[in-house]
Amino acid sequence: DVIGVGFRARIQRLANELGLSGHVRNCADRTVEIEAEGEGNKLKELLEWTGVGPRYAKVDKVKYKWREGRSQFSKFEILY
Numbered sequence: 003d004v005i006g007v008g009f010r011a012r013i014q015r016l017a018n019e020l021g022l023s024g025h026v027r028n029c030a031d032r033t034v035e036i037e038a039e040g041e042g043n044k045l046k047e048l049l050e051w052t053g054v055g056p057r058y059a060k061v062d063k064v065k066y067k068w069r070e071g072r073s074q075f076s077k078f079e080i081l082y
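15 is the number that our numbering gives to position 13 of the sequence shown; each next residue is one higher, with no gaps.
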């Protein structure tokens, strides 16, 4: 549960700093979904940060899967 701790905003800021495109959003089950495209080492950096999160977040686990990018995003945004 990451509501109210600035998780999505921080993910967006970091993704933009890393030159990634994609999106982040809260899901109905109170998890967060991130879909990102970019250089492999930059994606790994974003993934590592998600395991820590912002100061007041408690991250229980991170599930991920790698796949070929489809160049479907032009920027990184928060979906509502």
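All C-beta atoms, glycine included, are put in the ideal place defined by N, C-alpha and C.
Just so it is clear, the structure is predicted and the values come from calculations on it, not from any experiment.
Does the distance from the C-beta atom of F75 to that of A17 stay below 8 Å? Here F75 is not near A17, since their CB atoms are 8 Å or more apart.
Verify whether the separation of the beta carbon atoms of G21 and K44 is less than 8 Å. Yes; because the gap between Cβ atoms is below 8 Å, this pair is in contact.
Rounded distance between the beta-carbons of A38 and L48, thought under 8 Å: The beta-carbon distance between L48 and A38, rounded to whole angstroms, is 6 Å. This is short enough to meet the 8 Å contact definition.
Comparing alpha-carbon positions, which option in G42, I36, G40 lies nearest G53? Nearest option by C-alpha distance: I36.
Straight-line CA distance for R32 to V61? Spanning the two alpha carbons is a distance of roughly 12 Å.
Just confirm the distance between the C-beta atoms of R10 and I80, as a whole number of angstroms; I'd bet it's less than 8 Å. Cβ-Cβ separation between R10 and I80: approximately 5 Å, consistent with a contact (criterion under 8 Å).
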